[in-house]
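*Asks:* Structure below; questions to follow.
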Amino acid sequence: MTYLKYLFSPIEPYFKDFYQPLDSEHKIYYEISGNPEGIPVVYIHGGPGGGTSPVCRRFFDPKKYKIILIDQRGCGQSKPSMLMKNNTTDFLVEDMEAIRKLLGIDKWVLFGGSWGTTLSLCYAIKYPNNVAAMVLRGIYLNRQSDIDWLFQEGASYMRPKEFAKFIEPLGLHERQNIVDSYFERMNFGDEETKKAALAAWCEWECALISMKKIKIDVFKDFKSTAEISYIENYYFKNKGFMPENYILDNVERIKHIPTHIIHGEYDLDCRPSGAYELHQKLPNSSLWMLTNTAHTQREWKIAKKLVEIMQKLEV
1 MTYLKYLFSP IEPYFKDFYQ PLDSEHKIYY EISGNPEGIP VVYIHGGPGG
51 GTSPVCRRFF DPKKYKIILI DQRGCGQSKP SMLMKNNTTD FLVEDMEAIR
101 KLLGIDKWVL FGGSWGTTLS LCYAIKYPNN VAAMVLRGIY LNRQSDIDWL
151 FQEGASYMRP KEFAKFIEPL GLHERQNIVD SYFERMNFGD EETKKAALAA
201 WCEWECALIS MKKIKIDVFK DFKSTAEISY IENYYFKNKG FMPENYILDN
251 VERIKHIPTH IIHGEYDLDC RPSGAYELHQ KLPNSSLWML TNTAHTQREW
301 KIAKKLVEIM QKLEV
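The sequence shown begins at 1 in the numbering used here and counts up by one.
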């Protein structure tokens, strides 16, 4: 069953621009579509390094919402591609806040998936009074245990064949810290080694996100492959640029925000336990744990539930 049948019809943005912070080479792409007088909602993409695409606009009723898409630093239509100078979680949070002010928005709805939930929660913790509600799909809390589950030991047990391929290029010593070893290859290997590392990282991630095996040609759009692999690896090597357990340690600041949590029970990319832990600490939250469902917004049950929540949302 295709997820697209649950979404709204394709639309085009009526405004596109770049926000360039002072003293920065980064140019952050953002666009607006839907109703200029509608409820402001900002789509916060995953990765980090995933970028947005036209389908991201289609989760929202264009008559009800003013739809804002932002490509985070170094990816998507933002420039330069894969620039990691001044590229941390704090900078991404401040980019969001600067764009909110630029657009004259009082409060907006945060709509984030995967890493987008991490960034949404970090933004809300920093600027709780600027958030009307949060709709979060595939919770990622960015603890060391979450990183280890993804790239060291955990998901490896669920996809053993794909994991064996992922670590095949690494020596026994390199396998003791897979994130660091891939960082070395992506940054200091020859061009062939770099390209192979970027492709292998992306293929491993793709093995975890869907109930069905995804056949993807990582070389077809290698810019996108390289961005998500390189930026993800850089962030995870640096622990997401936040203290251990930062989100759960600071939920007191966001307990008043209406929060809707959607998670697939067979999500191998972001552990379902994280969604449950967050829900337990947020009294103003709702949790939908969807059966026979994995991670991506392309899962039909996830797409259907996201649209349903946005249709009912009142702020």
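We treat Cβ as the ideally placed atom computed from N, Cα and C, and that holds for glycine.
Using a Cβ-Cβ cutoff of less than 6 Å, which residues in the same chain neighbour G74 once the five nearest sequence positions on both sides are dropped?
*Replies:* M82, L83, N87, I231
*Asks:* Leaving out five residues before and five after R253 in sequence, what residues of the same chain have Cβ atoms less than 7 Å from its Cβ?
*Replies:* I125, P128
*Asks:* Could you pull out every unbroken alpha helix (DSSP H) segment of at least 4 residues lying fully inside the segment 153-179, listed in chain order?
*Replies:* 155-158, 160-167
*Asks:* Between N245, C202, K312, H173, which lies nearest to I216 when the distance is taken from Cα to Cα?
*Replies:* From the listed residues N245, C202, K312, H173, the smallest Cα separation to I216 is found for C202.
*Asks:* Using three-state DSSP, classify P54 as helix, strand or coil.
*Replies:* P54: helix per DSSP, three-state reduction.
*Asks:* Enumerate in chain order the residues of its own chain whose CB-to-CB distance from D95 is below 6 Å, with the five nearest sequence positions on each side excluded.
*Replies:* I28
*Asks:* Opposite L248 in the DSSP bridges: which residues?
*Replies:* In the DSSP assignment, L248 forms no beta bridge with any residue.
*Asks:* DSSP three-state label for A294, please.
*Replies:* A294: coil per DSSP, three-state reduction.
*Asks:* Residues in the same chain with beta-carbon distance under 7 Å from G76, minus the five sequence neighbours each way, listed in chain order, please.
*Replies:* Y29, G51, T52
*Asks:* Can you check DSSP and say which residues form a bridge with T259?
*Replies:* M134, S285
*Asks:* Within its chain, find whatever has a CB closer than 6 Å to the CB of N142; leave out the 5 residues flanking it on each side and keep chain order.
*Replies:* T118, G240
*Asks:* What does the Cβ neighbour count give for K312, buried or exposed, with the cut at 16 atoms within 10 Å?
*Replies:* exposed
*Asks:* To which residues of the same chain is F163 closer than 6 Å at the C-beta, ignoring the five residues directly before and after it?
*Replies:* S156
*Asks:* Quick one: Cα of Y235 to Cα of P48, how far?
*Replies:* The alpha-carbon atoms of Y235 and P48 are separated by roughly 7 Å.
*Asks:* Which whole-angstrom value describes the C-beta separation of D146 and G274, a residue pair presumed to lie in contact below a C-beta threshold of 8 Å?
*Replies:* 7 Å
*Asks:* CB-CB under 6 Å to R185, same chain, minus the five flanking residues each way: which ones, in chain order?
*Replies:* T193, A197
*Asks:* For a quick check, are the C-beta atoms of A294 and Y6 less than 9 Å apart?
*Replies:* no
*Asks:* Spatial neighbours of K323 within its chain, please: C-beta separation below 7 Å, excluding the five flanking residues on both sides.
*Replies:* Here the chain has residues from 1 to 315 only, and residue 323 is not among them.
*Asks:* Ends of the alpha helix (DSSP H) at I99?
*Replies:* 89-102
*Asks:* Under 8 Å: do the segment 256-269 and the segment 282-293 share three or more Cβ pairs, one atom per stretch?
*Replies:* yes
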